[in-house]
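As they're listed, the protein sequences go chains A and B. Each number in our numbering comes from the position in the first sequence (counting from 1) with 6 added on. Each number in our numbering comes from the position in the second sequence (counting from 1) with 6 added on.
Protein chains: 2
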Amino acid sequence: MTDLYPSRNGASAALSERRDPTLHGASRGALSIEERARYQRDGFLFFPELLAKGEVATLLKELDALACDPAILASELAVREPKTDTVRSVFAVHRASPAVARLARHPKLLKVVQELLGGAVYVHQSRVNYKSGFDGEGFDWHSDFETWHVEDGMPRMRALSLSLSLTDNNPLNGPLMVIPGSHKHFLSTVGITPPEHYKESLRRQEIGVPTHDQLRFLVERGGIQAPVGAAGSALLFECNVMHGSTGNITPWPRTNVFLVWNSVDNALQEPYAGLPPRPEHIASRDFTPLRPLS
Amino acid sequence: MTDLYPSRNGASAALSERRDPTLHGASRGALSIEERARYQRDGFLFFPELLAKGEVATLLKELDALACDPAILASELAVREPKTDTVRSVFAVHRASPAVARLARHPKLLKVVQELLGGAVYVHQSRVNYKSGFDGEGFDWHSDFETWHVEDGMPRMRALSLSLSLTDNNPLNGPLMVIPGSHKHFLSTVGITPPEHYKESLRRQEIGVPTHDQLRFLVERGGIQAPVGAAGSALLFECNVMHGSTGNITPWPRTNVFLVWNSVDNALQEPYAGLPPRPEHIASRDFTPLRPLS
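Structure (C-alpha cells):
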C-alpha cells in the first residue's frame, strides 16, 4: 500500500500538503454551515459546557476510581508522570468505565462525528489524562495522526478526537493548546521509531516530534489558541491538528477524558514503521461500528 | 540578631503572619489611594505598557547582546537552562547594561518604589530571564524574600521587585503567576541550605520550596493571577509574594528584566543560614542610595 504520509523514515524533516479532505461527509444537520466552515478552516470546534454537571460528576467518579484501582495500576493501562510515580494517564477507559462507553455513543456527539467523518465510526483510542496539580507535566507539540499512521497503521486522515474537561480549565492550569489550520499540513519528522516506542513516548515523546522551524511555519500562519471553559466543555479536533500543553504548577488538576473516533473505512493496516502494532489498549483493532445510545 | 523569619532550620514547614508592614511610607503622591490599597491587599501592581516601544527596544538590544557576549557566557553571570545549554538568565545587568542602570533610576518608577519602601533604596539584584521559545522552563513557586533572608541576610520584608516584559506576554508563553495576598504570610520551608546552593537553585530550585499544603492555603484565599500585556508592561511586586511560572513551549520568547530595590535601612547582614553570603552579582552589598535620573 502506498504511504501517502511518510515520516520517521530516515529522511529529513519535511512539510507537505494534506492529501485528504477535512470534511468527509455532506451536511446531515448535526452542525451549522458556520460550524462546518470553522472546522474546515481551523481543524477544531469548541463546545463550552457541552455536558451537564451531573454527567461530568459521573465520569469523574468512575475515572478517579480507575486511578486507585490496584489491578489497573499494576497493568499496562496506567502510565506514570516522567519524574514521579503519579498516574499521568489510563488507557482504554471506554472499556473500563461505563460512563465513557456511553460518551462514545452519545447521540448528539456521535451524530456530529459521523457527519464530519462521513459515515460509520468506531473508537480507535480512549484515555483519561489526569494532569494533577503542582506536578502534572506537559505534552510536547505533536500531531496524533503522525503517530497513529507510523506506529498503528492508520492509512488516512479520517479520524478525530474529543478532549472533554472534567475539571474547570483556565489558561493557567496547562490547558490543551492547538494551532489553528495546522491540520492542512503533514509534518514528516526525523528519526526512526524504535521497537516498543510507546512505552517511553506516552510519558514523554522524543521521536516523532516536529522541528522548531516546522512549528514556526504553522504558528506564523495560525497562531495558537487554548480554548478553555468550565468542566464539561469539549474540544473536538481533527486527527492532524498540531497540539501540546505546558505543565501544571497550580493546585488545580486538569483532568480530561480523551476519545478518538476513526472511520470504519479507515481501519488500521500494518504500521508504516514496519514494526509490530501497538497493543490493543492503545490502538484498538475492533472496528465494529458504534450505534447511538437510544 | 533575632531571626523574625526562621526557615530551612531543620523544623517542619510552617506558616506565620508577616511581621512587617506592606506599605513602609506615607503617600508622596506617586500612587493613588486606590493603588496603595491594592498593593497592600494583593502585594503587587501591574502597569500595562509602562515603557514606550523605543525604551523597550533599547533594553532588548542591550540584553540580547549580553546573551551572546563570550565574556559574559564564560562567567558566573550567565545561568543555563536545566536541560540544555540555552542561556536562562544573566545576572547584575544593571552593571552591564546602561539601559538597565537607567531603568533602576527611572524618575517615575523610583518615586513609586521610594513611596512603597519609605525612603532611600538601592539595587539588591538584577537579571534578565530569557525564557526562550520552545524550551524555556518554568520557575517553581517561591517567595524571593525567603531566599534573600536565608541565603543573603536580608533582615526584613522591605524590598520589592520589578518584572518588566521585553516581549509581548500572553497567557500561553509562560507568564509570571502571582498569588494575590500571599505576601501577608511567611512560609518556613523544610531542609537545610547546602553550601553554594545558588549554583543549582538558579537553574532549578529544590530547597526553600513551599509544600503543597502551604500553597493550597494561599491559593484558596487569593487565587492565582497572571497579569500579561504587550512589551513594556511592568509588574511591581512585594518581596514576599509567592510566584512561579510554567514552561514555554510556544515559539514566542518571554524575555523580561527583573530588578529588585531594597530599603537602605534593610541592608544585608550575615545570611541567616550561617553560610558565607552569595556573590555580589546575585546579592549586592553596595548600599549606596539611588538618585533619580535628571
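Cβ coordinates follow ideal geometry from the N, Cα and C atoms, glycine included.
- Here phenylalanine 151(A) carries a helix assignment [DSSP, helix/strand/coil].
- Taking the beta carbon of phenylalanine 243(B) as reference, no residue of chain A falls within 9 Å; the closest one sits roughly 17 Å away.
- For leucine 178(B), the C-beta contacts it makes with chain A under 9 Å involve Pro177, Pro181, Met183, Ile230, Gln231, Ala232 and Thr252, in order along the chain.
- Rounded to the nearest angstrom, the Cβ distance from aspartate 174(A) to alanine 237(A) is 5 Å, consistent with a contact under 8 Å.
- Taking the Cβ atoms as the reference, valine 134(A) lies roughly 30 Å from threonine 217(A), outside the contact range of under 8 Å.
- Taking a beta-carbon distance threshold of 8 Å, isoleucine 198(A) does not count as an interface residue toward chain B.
- One thing to note: tryptophan 258(B) has its Cβ within 8 Å of the Cβ of glycine 139(B).
- Leu122(B) is the residue among Leu122(B), Asp292(B) and Gly235(B) whose C-alpha sits nearest the C-alpha of phenylalanine 243(B).
- Residues of the segment 209-228 of chain A with a Cβ closer than 7 Å to any Cβ of chain B, in chain order: His218, Leu221, Arg222 and Val225.
- Counting only Cβ-Cβ distances below 8 Å, phenylalanine 140(A) has contacts in chain B at His218 and Leu221, in chain order.
- Listed in chain order, the positions of the segment 26-42 of chain B with a beta carbon within less than 9 Å of a beta carbon of chain A would be empty, since no residue qualifies.
- Among the residues facing chain B, isoleucine 255(A) is included, as its CB has a counterpart in that chain under 8 Å away.
- With respect to the C-alpha of leucine 265(A), the residue from Asp70(A), Ser167(A) and Ala17(A) having the closest C-alpha is Ser167(A).
- Excluding residues up to 5 positions away in sequence, His191, Phe192, Leu193, Ser194, Gln220 and Phe223 lie with their Cβ nearer than 8 Å to the Cβ of leucine 21(A) in the same chain.
- Under the criterion of beta carbons closer than 8 Å, methionine 163(A) and arginine 24(A) qualify as touching, at roughly 6 Å.
- By the criterion of a C-beta distance shorter than 6 Å, serine 169(A) is surrounded in its chain by Leu182, Leu241, Asn262 and Phe264, once the five residues flanking it on both sides are discounted.
- DSSP, read as helix, strand or coil, puts tyrosine 128(A) in strand.
- Between the segment 79-95 of chain A and the segment 136-152 of chain A, the count of Cβ pairs shorter than 8 Å is three or higher; the stretches touch.
- For serine 207(A), the uninterrupted alpha helix (DSSP H) run begins and ends at 204-207, by DSSP.
- By the Cβ neighbour-count rule, threonine 199(A) is buried, with 16 or more other Cβ atoms within 10 Å of its own.
- Residue Leu115(B) holds the alpha-carbon nearest to the alpha-carbon of leucine 37(B) among Leu115(B), Leu10(B), Pro12(B) and Ser95(B).
- Flagged as an interface residue toward chain B: glycine 144(A), by a C-beta distance shorter than 8 Å.
- Residues of the segment 265-293 of chain A whose Cβ lies closer than 7 Å to any Cβ of chain B: none.
- Residue nearest to alanine 71(A) within the set Glu40(A), Gln46(A) and Ser103(A) is Ser103(A) (criterion: CA-CA distance).
- Arginine 222(A): member of the alpha helix (DSSP H) spanning 218-228, first to last residue.
- For tryptophan 154(B), no Cβ of chain A is located within less than 8 Å of the residue's own Cβ.
- In this structure, alanine 105(A) and leucine 83(A) do not form a Cβ contact; the two beta carbons are roughly 17 Å apart against a cut-off of 8 Å.
- For serine 188(B), the three-state secondary structure derived from DSSP is helix.
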